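A quick write-up on the structure given underneath.
In the numbering used here, the protein residues as written are 92 to 676.
Right, dumping it as structure tokens:
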């Protein structure tokens, strides 16, 4: 495919570290600082943070930040003797809610007729060329270029009079495509003269008509808008769009359709639609399991109602992709026979679904400690079986030391696949074993059987801690291989890891590891500041500053817990000496 003529401009969205963006932003703005708040226990979603049977909090779907329960805040106070500043988030959340949303018509500053206007067609053709020749289409096959070309032709076809639903759908699909191409374009030679948010806004409003038409075109549009929102940090609106995409898949039968011809084979248009529908099903399934584990909200796509048979050739091809030395565009990616390897691993996605069902579903909350520990062991065996099935070059290590050795010969796109597998593996390990925190504490006069249970709980929590440390150590070493577009996906992993370490510091403040873990928390703040990221809006930078200050508050509280425990130990020692002196007298 010959590249179309280039229409470019100087990029207004380049990559910079978060620290650089904070410095630039704070020089011009007085920033409101906020931290996570409390919420009533009754509002806590299933499957979140527990310790010694106490529900401490959960990760919110609104912005991906931890929220502490009332019990959690009371427990933190009992361990630190300090009041927290987490209540500031309540005010900050209200502050966020009064800001104009990303998908706001006022952003256009024009008439409703603008909704139907499209950029110059050559820009779209450039985007198709970039998509077809990039690794992006293998990770996120959001469109089938043959089917999409039909939508482009229809969208740009001259027409007078009222637009049909089919033409509105085609225009919406083109706009959604441009929105994600602007977000994901990592090739510095092409920067389209379009506003990503403006394209997303227009596509979103056209969607109000399109949802009446459950078609492949509508599905592509919804899924691409979902991607635009999630990779722009708008997690709640992304989750809503994700739900719509899942429902369209169900209507079209994508959750049960498994028979389709392989890539590279001669196929009819109908067969092409079926194959593409199944690919979007898998994309939505992967996102669905992640949303469930990250927020505690039930998954939409459950194994009871979906055929999860892996595509033919998936296992043979998912780790056999072309590698690049520079950039992310190459004619080798345009090979139609290449099977999309999708984000993550489909088998790991199925394990995430099983973990949620066994450990974090409503039914799982009623399990006894023995049943819960049995399921944790089963899942631990499952994830180890999966790990050993991964080719050695990509296989995650059980544990990662402070200075891990990376594989230098891995280039894009394999480097991101390499990084994602390790982050997902360690997070799932931590999520599985953190569930043992729901078990109630052991009484001082415990029986031998209860002592065995205590040992199992301690071992499981130790594995969760080790997985969390491994996440931070690995990210520190792999940071140069991260794609800036993936910031909002990747930043979740250190956030989840620091929560596990923070609660352990408060639980065992006199342990020799406590100070080391606080040092790791401090390095996590530096890590997040150093992650590659696109230049962001005021809303997003304010949110990220909140993350930075949240970690600082955790470190402060951790140091308070250590000081409090040492003070109590010293006073107990002095009291013991005094008692001994009185006894001698």
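Ideal Cβ positions, reconstructed from N, Cα and C, are used throughout, including at glycine. On a predicted model such as this, the values are computed, not experimentally measured, just so you know.
Beta bridge counterpart(s) of residue i as assigned by DSSP
{"i": "residue 420", "result": "225"}
Opening and closing residue of the alpha helix (DSSP H) in which residue i lies
{"i": "residue 363", "result": "360 to 386"}
{"i": "residue 582", "result": "Careful: residue 582 lies outside any alpha helix (DSSP H) and carries neither H nor E."}
{"i": "residue 328", "result": "326 to 343"}
{"i": "residue 309", "result": "307 to 321"}
{"i": "residue 444", "result": "437 to 446"}
{"i": "residue 392", "result": "That residue, residue 392, is in no alpha helix (DSSP H); it is neither H nor E in DSSP."}
{"i": "residue 408", "result": "405 to 408"}
{"i": "residue 284", "result": "First-last for residue 284: undefined, no H or E at that position."}
Exposed unless 16 or more other CB atoms sit within 10 angstroms - verdict on residue i
{"i": "residue 494", "result": "exposed"}
{"i": "residue 126", "result": "Confidence at residue 126 is low in this model, with a pLDDT of 34, below 50, so the placement of that residue should be treated as unreliable; the coordinate-derived value is given next. Buried."}
{"i": "residue 264", "result": "buried"}
{"i": "residue 230", "result": "buried"}
{"i": "residue 175", "result": "buried"}
{"i": "residue 669", "result": "exposed"}
{"i": "residue 671", "result": "exposed"}
{"i": "residue 381", "result": "buried"}
{"i": "residue 560", "result": "buried"}
{"i": "residue 284", "result": "exposed"}
{"i": "residue 361", "result": "exposed"}
{"i": "residue 511", "result": "buried"}
{"i": "residue 260", "result": "buried"}
{"i": "residue 396", "result": "exposed"}
{"i": "residue 433", "result": "buried"}
{"i": "residue 571", "result": "exposed"}
{"i": "residue 242", "result": "buried"}
{"i": "residue 484", "result": "exposed"}
{"i": "residue 411", "result": "exposed"}
{"i": "residue 456", "result": "exposed"}
{"i": "residue 590", "result": "buried"}
{"i": "residue 211", "result": "exposed"}
{"i": "residue 304", "result": "exposed"}
Contact belief for residue i with residue j at Cβ below 8 Å, rounded distance in angstroms
{"i": "residue 618", "j": "residue 566", "result": "6 Å"}
{"i": "residue 209", "j": "residue 262", "result": "6 Å"}
{"i": "residue 348", "j": "residue 368", "result": "6 Å"}
{"i": "residue 238", "j": "residue 363", "result": "6 Å"}
{"i": "residue 170", "j": "residue 424", "result": "Contact doesn't hold; Cβ gap of about 52 Å is too wide."}
{"i": "residue 206", "j": "residue 354", "result": "With a Cβ gap of about 35 Å, residue 206 and residue 354 do not count as contacting."}
{"i": "residue 524", "j": "residue 551", "result": "4 Å"}
{"i": "residue 528", "j": "residue 596", "result": "Not confirmed; about 15 Å, so no contact."}
{"i": "residue 420", "j": "residue 224", "result": "5 Å"}
{"i": "residue 563", "j": "residue 622", "result": "That pair is no contact at about 12 Å."}
{"i": "residue 222", "j": "residue 576", "result": "With a Cβ gap of about 14 Å, residue 222 and residue 576 do not count as contacting."}
{"i": "residue 339", "j": "residue 313", "result": "6 Å"}
{"i": "residue 620", "j": "residue 639", "result": "7 Å"}
{"i": "residue 583", "j": "residue 448", "result": "With a Cβ gap of about 21 Å, residue 583 and residue 448 do not count as contacting."}
{"i": "residue 652", "j": "residue 600", "result": "4 Å"}
{"i": "residue 371", "j": "residue 345", "result": "7 Å"}
{"i": "residue 375", "j": "residue 392", "result": "7 Å"}
Check: residue i C-beta below 7 Å from any heavy atom of the ligand PLP
{"i": "residue 674", "result": "Looking for the ligand PLP in the displayed structure turns up nothing, as the structure carries no ligands at all."}
* alpha helix (DSSP H) segments (min. 4 residues) lying fully within the region 228 to 269 -> 236 to 247
* To do: Ignoring anything shorter than 4 residues or poking outside the region 457 to 513, list the alpha helix (DSSP H) runs there in chain order.
  => 460 to 480
* To do: Starting from the N-terminal side, write out each stretch of the alpha helix (DSSP H) that is 4 residues or longer and does not extend beyond the region 550 to 608.
  => 578 to 581 and 583 to 598
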